[in-house]
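These protein sequence lines are chains A and B, in that order. Here this note's numbering is used: the first residue of the first sequence is 1, the next is one more, and so on. Here this note's numbering is used: the first residue of the second sequence is 1001, the next is one more, and so on.
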Amino acid sequence: MRFFKDAAFKFIDKRQKAYVVSAVVLTIGIGAMLFNVFSIGNWMNYGVDFTGGTVIQIQTEPGVTDADLREALGGPQAPSVTRFGADDEFIIRAPVVADMETDQVAAEIRQLLAAAPGIGEFEVVRTEIVGPVIGAELQQQAALAILFSFLLTLLYIAFRFEFRFGLASIAATLHDILITLGFLALFRIEISLPTVAAVLTIIGYSLNDTIVVFDRIRENLNKKGGRREEPVTLIDRSINEVLPRTVMTSGTTLVVLLSLLILGGAVIRDFTIVLILGVVIGTYSSIFVASPALLEIQRRWEKKEKKSDRKKPGSRARDKRAIPV
Amino acid sequence: MFSSIRGRILVILAVLGLCGWYLATTQIKLGLDLQGGMHLVLEIDDPEGTMSMEARSDAIDRAERIIRSRVDELGVEEPLIQKVGQDRLIVELAGIDDEERAKELIGQTALLEWKLVRSRTEVDASLPRIDRAIVAALGGDSIRALGRAMEAPGESMEDLLFGTGPDTLPPEDPEEELEEQEELEVDLEVPEADEDLRPLSALLLQGPDQGEFLVRTEDYPIARMFLELPEVQAIIPRAVSLQFEWQPRAVAGQTYRALYVLQREAFLTGDMLEDASANRDPQFNQPIVQFELTRAGGRRFGDVTGRHVGDRIAIILDREVVSAPVVRSRIGARGQIELGGSTMEEARDLALVLRAGALPAPLRVMEERTVGPSLGQDSIDQGRLAGIIGLFLVVLVMIGYYKLTGVLAIAALSVYVVLVMGGLVALGATLTVPGIAGLILSIGMAVDANVLIFERIREELDQGRAVRTAVDEGFGHALSAIVDANITTLITALILFQFGTGPVRGFAVTLTIGIIASFFTALYVTRTFYLIYIRNKKATDTVSI
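This is the structure in structure tokens:
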């Protein structure tokens, strides 16, 4: 059995359509972020890890509803109550309360629940309390982590391939991250430390895919006559050659992630969703974003070179047509 | 020798044996999110910022030692108590069932002091000034609103205090007469309309004893808040301090908090304590803590109690008076603290923290994460099931697609799983929920490396190369892509490790170990198996791929 043997899709020719698709998806995502700014006051649904606050997960006796809990907790600054996973499990979230010790909020919620009639016995299965200072620090650390991993991979690719490959792969990765963030904003998935880990994994995965394609382009360029070949044909050929691998790898990774999504439990569900999205986008972008970006960057480069060539007659303009490696 | 088939098999067996040995002898360490437990981040509580960075760092060092000895007595297995940065402490306790009690034990300052009880009359003269200071600081209207609030419970005090009153501005009339006192710089100007307000002294009742006032339990939070105002602290006479009793006291059907007038300087503190133990008072069967002082402490205690027979001495724990017995005779190195209505467990905990010593400064909880043991077990079970089923599906796909070659890859992946688990144990890494996700993801990457190689071999075979050459070329050409892909992911994992905390670090660690293991498996193990497979094949034979 073999998929896509001798495939010869004209991917690069379709790049205009891909640009439109990407632009639409990006616009939806950015729109969602803007909408969030006006509706929930922040462009993302930051969780307690970043805003500070209290999360308590409790397991109640059967029959207790979230309405019961809301009534028990009451008050104007009432914490939010949502059902989590199993029927009798709930998550209670409360923001940071000024003039209150960080861990006092949790104690108060527990007291209110214990005192409320109609709730009965309950078990606190998880508590997360993050002070506002820690939250702000984590936010900064997450931003730094994403920035640094960007810079270092760019450096690495520039060193291993060439600067233009590095730029193109960063373009693709940026595209993937923006779409992922847009998705997170659209569905208001809670931004927690694991979600940030997932976004960083997407950076890694997306680069992984892009590198495999670029590796083939590099190899084909270095073959005899590779530099004389029309870049569009060469890039298309390279993508098609690695297409079986792309499909197979994405397929197996998705199989594992899907089993994680379905069976892995509620704790890592958001994490898995982000990863699945990342795999799909990463695969798409290695073909429809990274490779066209390489071509566009090269054409810009070529125009500049030609201009300067005119001033200096006799330079080896012909050799600059393709991407030098 | 590493490139001959026999040499390769030896290397693989050696690595497998090492990992197997680690797996057999050492339990894999589970994160708090998997086995249940508590993770605390503590910081020196210093809201005024009076401590220098060195002082904070030093205080955390000492707090680390003291908390360690407290936790050791608690009997928690392998606690993690670690200083992070300059002024923070991480405490991780696995498998505790009463987190509130553990937190109390860790966070309690346990500063024990002995002070002489003075007389109410020493503050009586200052009370009018204190009242004025409160009015000046908070404004007359908010204090009146407070009075209403006492009759209408349910409204939060903060709201009433700070949510109302345009009158909180200082009055404009500067000709207000002040009592002749030393601290004239304190702004005590009070508008005429508020002249009759006596916010604090209205709450203070005369106690049966000369050394204490009584405050009704319902007034206690307000009285305490008044006394904590910096403006008030500044005008309390220098020789004394005002401190509340730690528990309410019932007198004739009404409960009160006693407010003691104490000598400001403690004549003895808990660092002179040699030992402490919980016991029951033989007379009233109440829990007590018996203590023994060091030799120097005993001398000083005997000296002071000898001079003050008939007076009261207050025993103060974390700025609250625990008891204030009358000295009947000179007391030496041994004594006891009566704990009123406490339980025996509370007495034991108090003895424990007193033995371990006081924290150099109060600590504040910055972050707390607690996971119950049942939730952790659920996560393990679900993660395991998801992993096994995911792996099984990958096995099906690989064998269905690559046939015998796929079987080789699966054999190599089995080696991979042993390697990763062994590596986790060997490095003492902790498995967390995101860590399991990282493991499963790295399995995907290990499969990818194999796929890259096999697809390449197929391409080489398509071009009509002989089996052996195709295999060599396949591994050779796939190398650059595998190296580059793995290194970029490694970069991300390392950065995650650097910036992440707790669970995210766990993810970074498993991902890093996974990438290294997948690198070794794909390029060395799979290749070895392949070499064994094609060993006897002739150039014209085919491979099952």
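Glycine residues also receive a C-beta, built at the ideal position from the N, C-alpha and C atoms.
| Query | Result |
| --- | --- |
| If the criterion is Cβ atoms closer than 8 Å, does the pair residue 1130/B and residue 1240/B meet it? | no |
| Could you check if residue 1334/B is buried or exposed, using at least 16 other CB atoms within 10 Å of its CB as the buried criterion? | exposed |
| Taking the straight line between their C-alpha atoms, what separation do you get for residue 1074/B and residue 121/A? | 27 Å |
| In angstroms, rounded to a whole number, what distance separates the CA positions of residue 1465/B and residue 1538/B? | 12 Å |
| Determine the DSSP secondary structure at residue 1322/B, reduced to helix, strand or coil. | strand |
| Contact criterion: CB-CB distance below 8 Å. Does residue 204/A meet it with respect to chain B? | yes |
| What residues from chain A crowd round residue 1366/B, counting only those whose CB sits closer than 7 Å? | 102, 131, 133, 134 |
| Restricting to Cα atoms, I'd like to know which of 1235/B, 1428/B, 1473/B is closest to residue 1027/B. | 1428/B |
| Based on Cα-Cα distance, which residue from 29/A, 34/A, 91/A lies nearest to residue 58/A? | 91/A |
| Tell me the rounded alpha-carbon separation between residue 3/A and residue 137/A. | 48 Å |
| Could you give the DSSP three-state label for residue 100/A: helix, strand or coil? | coil |
| If the cut-off is 8 Å on Cβ atoms, which residues from the stretch 259-279 of chain A count as contacting chain B, listed in chain order? | 259, 260, 262, 263, 264, 265, 267, 268, 271, 272, 275 |
| Under the rule that 16 or more other beta-carbon atoms within 10 Å means buried, what is residue 1536/B, buried or exposed? | exposed |
| With a threshold of 16 other CB atoms inside 10 Å of the CB of residue 1272/B, please say whether the residue is buried or exposed. | buried |
| For a cutoff of 8 Å on Cβ pairs, would you count residue 149/A as touching chain B? | yes |
| At a CB-CB cut-off below 7 Å, which residues of chain A make contact with residue 1443/B? | 256 |
| Of all the options 97/A, 65/A, 147/A, 193/A, which has the alpha carbon lying nearest to the alpha carbon of residue 203/A? | 147/A |
| Does residue 1455/B get closer than 8 Å to chain A when you measure Cβ to Cβ? | yes |
| So if I threshold CB-CB distances at 7 Å, which residues from the stretch 1422-1438 of chain B count as touching chain A? | 1433, 1434, 1437 |
| If residue 351/A sits next to residue 231/A, beta carbons under 8 Å apart, how far is it from one beta carbon to the other, in whole angstroms? | With chain A represented from 1 up to 325, any question about residue 351/A goes unanswered, as that position is not in the structure. |
| Given this structure, state the Cα-to-Cα distance separating residue 212/A from residue 1515/B, to the nearest angstrom. | 16 Å |
| So, under 8 Å CB-CB, residue 1096/B and residue 1038/B are touching, yes? Tell me the CB distance rounded to an integer number of Å. | 6 Å |
| In chain order, which alpha helix (DSSP H) runs of at least 4 residues are fully inside the stretch 1300-1379 of chain B? | 1344-1356 |
| Determine which residues share a DSSP beta bridge with residue 1480/B and list them. | Per DSSP, none; premise fails for residue 1480/B. |
| Do we get a CB-CB distance below 8 Å when we pair residue 281/A with the residues of chain B? | no |
| So with Cβ pairs under 8 Å, would you call residue 1386/B a contact of chain D? | In summary, chain D is missing from the structure at hand, where the protein chains are A and B. |
| Could one say the Cβ of residue 1139/B lies closer than 8 Å to chain A's Cβ atoms, at least one of them? | no |
| Run through DSSP, which three-state label would residue 122/A get? | strand |
| By Cβ distance, which residues of its chain are closer than 6 Å to residue 1314/B, with the 5 residues on each side in sequence left out? | 1115, 1117, 1260, 1262, 1321, 1324 |
| So, for residue 1070/B: in the same chain, excluding its five sequence neighbours on each side, which residues have a beta-carbon less than 8 Å away from its beta-carbon? | 1105, 1106, 1352, 1353, 1356 |
| Between residue 1359/B and residue 1063/B, which are expected to be in contact by the criterion C-beta below 8 Å, what is the C-beta distance as a whole number of angstroms? | 5 Å |
| Please look up how many angstroms separate the CB atoms of residue 1366/B and residue 1078/B, rounded, as I've assumed it's under 8 Å. | About 23 Å separates the two Cβ atoms, so there is no contact after all. |
| Using the three-state DSSP reduction, which class does residue 1/A fall into: helix, strand or coil? | coil |
| Could you name the residues of chain A that residue 1519/B contacts, counting a contact when the two beta carbons are closer than 8 Å? | Result: empty, since nearest Cβ-Cβ is about 13 Å, beyond 8 Å. |
| Scan the stretch 1463-1484 of chain B for residues whose Cβ lies nearer than 8 Å to a Cβ of chain A and list them as they occur along the chain. | 1477, 1480, 1481, 1484 |
| Given that a residue counts as buried once 16 or more other Cβ atoms are within 10 Å of its Cβ, and exposed if not, what is residue 23/A? | exposed |
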